[in-house]
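Have a look at the structure below, then the notes.
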Amino acid sequence: MELEKLLVDSSKITADMAVFTIGKDPILFKKVLDFALEDKDVFAQRASRVVLLCAVKFPHLIKPHLNEIITSLPGFQNGGLKRNILRLLSQRTNEF
């Protein structure tokens, strides 16, 4: 699946559809997470929003990747990406 097609726009319905699709597939979740952590373009910000929403709905998907996310955080250039990842960490920390 091409991630650009999954993240075609930044609407809530697109993000919710992506979360529904990704929640069933830990491998696809990892691909979306990697896409977000690359911090290359607008798709990284969209991917980070989907990662945040997945972490809320499916916390078991994010747990194995927390160290990687925290290690990557200082290098992020995209403000939206930083906000989404920091929101994820601040809102869900007690569950991890």
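All letters in the sequence shown, in the order written, are residues 8 to 103 by my numbering. C-beta: ideal position from N, C-alpha, C; glycine also. In this text the structure is predicted, and so the values were computed from the model without any measurement.
| Check | Outcome |
| --- | --- |
| Relative to the C-alpha of Leu-96, which candidate in Gln-84, His-72 and Gly-82 has its C-alpha closest? | His-72 |
| Just checking, does the stretch 51-61 make contact with the stretch 79-96 on the three C-beta pairs under 8 Å criterion? | yes |
| In the DSSP assignment, find the unbroken alpha helix (DSSP H) run with Cys-14 in it and report its ends. | One detail in the question is off: residue 14 reads as Leu in this sequence, not Cys. It is not in any alpha helix (DSSP H) - Leu-14 carries neither H nor E in the DSSP assignment. |
| For Leu-68, which of Val-26, Asp-16, Pro-81 and Phe-42 has the nearest alpha-carbon? | Val-26 |
| Which first and last residues belong to the alpha helix (DSSP H) in which His-67 is found? | 66-69 |
| Straight-line CA distance for Leu-80 to Ala-43? | 11 Å |
| Can the beta-carbon of Phe-50 be found less than 8 Å from the beta-carbon of Leu-14? | yes |
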